[in-house]
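One structure is given below, encoded as structure tokens.
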Amino acid sequence: MNVFLLPVEVTRDIEKSIAKFWWSSSQSSSSKINWMSWERMAKHKTAGGMGFRNFRDFNIAMLGKQGWRFIINPNNLVSRLYKAKYFADSDFIHAKIGNSPSFIWRSIIQAKQLLREGIRWRIGRGDSIQVMNQPWLMEEDNPFITTNSQSLEGRTVDSFLVTGIRQWDVNQIQEHFNTRDQGFKSAYRYLQLQKGQWNIEDNSSIWNKLWRIKAPPKSLNLVWRALSQCLPTMSQLQSKHVPVQSTCPVCKSEAETIMHSLVNCPIARQCWFMVLPGQYWDVNMEFTGWIKMVFELESKSKCAEVVMVCWTIWRARNDLVWNQKYTRVTRIVAEAKQHLTQWNFAQNRLSWASLQLSVEGDGAVVWVRPVTNTVKVSVDAAVFEDRDAVGFGLIARDSDGMLIAAKSIVHPHLVSPVTAEAMAVKEALSWIDEMQWATVALESDCLVVIQAIRSSAPMRSHFGVIIEECRSFLARFHKVFYFLLNDLRIWLLIS
Ligand SMILES: [Zn+2]
């Protein structure tokens, strides 16, 4: 897959095998039914899918990596060979397939368009980059300027920089560019609106809510299946032409739809009586509408309980169908609560450890005193997906633990968590430089960032650009030492 473009049939076979495995592992009764097309399964979780990969796209993305290597390592042997043979007079981006292409070249050139769309100029002086028609914005999905203005024709990026320093001329930018190009809107939303593919208004909110619930994944998967009409109730099986009666195997009085088995069946109703007293149980609606209402009106912890109870109701139903084992209502509810409590406990053990009052030597993470006359700066980043922003917190304390200064910064642009950590370290270094403290211990909990700063490898991604800025800050200091404090935290000692 690295160098060859697999035939479409092969990628389809891979996808088929995965789908077969996924659907057969969940229910013995319906092992041969694929309840959903791969296309829907491969959608992002917030769009109602399960987030599987589209293998054709994955294959092309891997080939793109080979093309990328031609661009960034033009002097290695393979790049020189391919250049001599296939694009002697141009670069890879403008290469043509040629007269007698090898299988590998034919594969790699398929990824050219992808690279063209993904590649970005990195702004240095900015004088060689045209404002229009060149990819230089940070926006992930459309790096081209969308402002349609004649005043931008023929201008280069440096004309929007303040002379002498690496800073944008904000007034000029506001005057000439539309708000999207000013970078205030997330690329993600922009793409959604442009494509018009995902049903943002309607469904994504319920998917978002579902996947954010803190409950065991198996219970979330069950509710996902119920919402996607993929739960093998008798009625659903009938709709897939399985020769079964549609009557509910539990109460034997009504047709077993998804809403019936999880909410309206007498046993389920009694469960909801206990979990949601006096509410929602006497309803005549589809399961999607019912759960939407619960998600909207109930607290997060209640939603987790509801999802978990759905799972135990369904398991009790299966126990009856497959093992002729009857489960009492009180037990269904109690088991759900117990299960959830245990799961939460297991999830929270780590974070609890760090909140406990410290007992020396118990392994808990505590604030560590720097050596005398050293300022200690702790830094951390947070990603706010719902607000399309990232935030950084910086705090400086002396060797007695007394607060000297603190700072928080919000950056109105969503980036990956590790990029956010790198940005936080850069902000901290800039702050240290500005405050002119003599000796500083900078503490971060992101090993990846510190390792990247320490290595000398050139990185051409957005992350790499920030790392290089960190390196250039560090170059201004007199001495820099790195310490691995424990598994979680790293110090940079700067003087
Ligand atoms: Zn029933």
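Under this note's numbering, the final residue of the sequence shown carries the number 585; numbering is consecutive throughout. Virtual Cβ for every residue (Gly too), placed ideally from N, Cα, C.
Since residue i and residue j are thought to touch, with beta carbons under 8 Å apart, how far apart are those beta carbons, to the nearest angstrom?
i	j	result
K135	W297	6 Å
A486	A495	5 Å
E105	F145	6 Å
C400	V313	6 Å
I403	C361	6 Å
Taking the continuous beta strand (DSSP E) assigned at residue i, which residues delimit it?
i	result
L486	The sequence as given places Ala at residue 486; Leu does not occur at that position. From DSSP, the beta strand (DSSP E) with A486 extends over A479 to R487.
I499	L493 to H501
D409	Run containing D409: none in the beta strand (DSSP E); it sits in the alpha helix (DSSP H), K390 to N413.
L532	V530 to S534
A471	V465 to F474
From residue i to residue j, what distance separates their C-alpha atoms?
i	j	result
Q200	V252	40 Å
T101	Q428	43 Å
V221	H266	11 Å
E243	L227	17 Å
S351	L300	20 Å
L317	T378	6 Å
R586	E517	Outside the modelled stretch of the chain, which goes from 91 to 585, sits residue 586, for which no answer is possible.
S468	P507	17 Å
V365	D476	29 Å
I609	V397	The shown model of the chain, from 91 to 585, leaves out residue 609, and the question about it has no answer.
L532	T509	18 Å
F553	D523	21 Å
S218	N238	21 Å
P225	V353	52 Å
P339	E388	30 Å
N189	V538	45 Å
F49	T246	Because the chain here runs from 91 to 585, residue 49 falls outside it and cannot be looked at.
R550	N223	21 Å
V461	R566	22 Å
E344	K155	56 Å
S180	A547	27 Å
Hey, quick one: how far does the alpha helix (DSSP H) through residue i stretch, first residue to last?
i	result
L167	L167 to Y176
K382	F377 to L387
K155	F145 to I162
S325	M324 to S329
K133	Per DSSP, K133 belongs to no alpha helix (DSSP H) and is neither H nor E.
D523	P507 to M525
S600	Lying before the first or after the last residue shown, residue 600 is absent from the chain, which here runs from 91 to 585.
K299	S295 to R302
S197	F193 to I199
S562	H552 to R566
P356	P356 to V365
E346	Counting along the chain, E346 falls outside any alpha helix (DSSP H), and DSSP gives it neither H nor E.
L251	Run containing L251: none; DSSP gives neither H nor E here.
L537	L537 to R544
Excluding the five sequence neighbours on either side, which residues of its own chain have a C-beta within less than 6 Å of the C-beta of residue i, listed in chain order?
i	result
H501	V480
A542	I557
F68	Nothing about residue 68 can be reported from this structure: the residues present for the chain run from 91 to 585 only.
M91	N149 and M152
K382	I296
With a threshold of 8 Å on Cβ separation, who are the neighbours of residue i within its own chain once the five nearest residues in sequence on each side are excluded?
i	result
A463	Before going further, note that residue 463 is Asn rather than Ala in the sequence given. Around N463: S489, A528 and T529.
F177	H184, A185 and K186
L493	I485, A486 and R487
W258	F250, L251 and V252
L310	L300, W301, I303 and V397
Q437	K304
A512	C536, V539, A542, F553, I556, I557 and C560
Among the residues of its own chain, which have a CB less than 7 Å from the CB of residue i, if the five just before and after it don't count?
i	result
V98	R146
F193	F94
A109	N124, W128 and M131
W521	L484 and K497
G139	R130, M131, A132 and K133
Can residue i be considered in contact with ligand 3, in the sense that its beta carbon sits closer than 6 Å to one or more heavy atoms?
i	result
Q262	Inclusion of ligand 3 in the displayed structure is not the case, the ligand content consisting of ligand 1 alone.
Exercise. Can you list every residue whose CB sits closer than 5 Å to some heavy atom of ligand 1, going in chain order?
Worked result: Ordered along the chain, residues surrounding ligand 1 are C338, V340, C341 and C355 [Cβ under 5 Å from any heavy atom].
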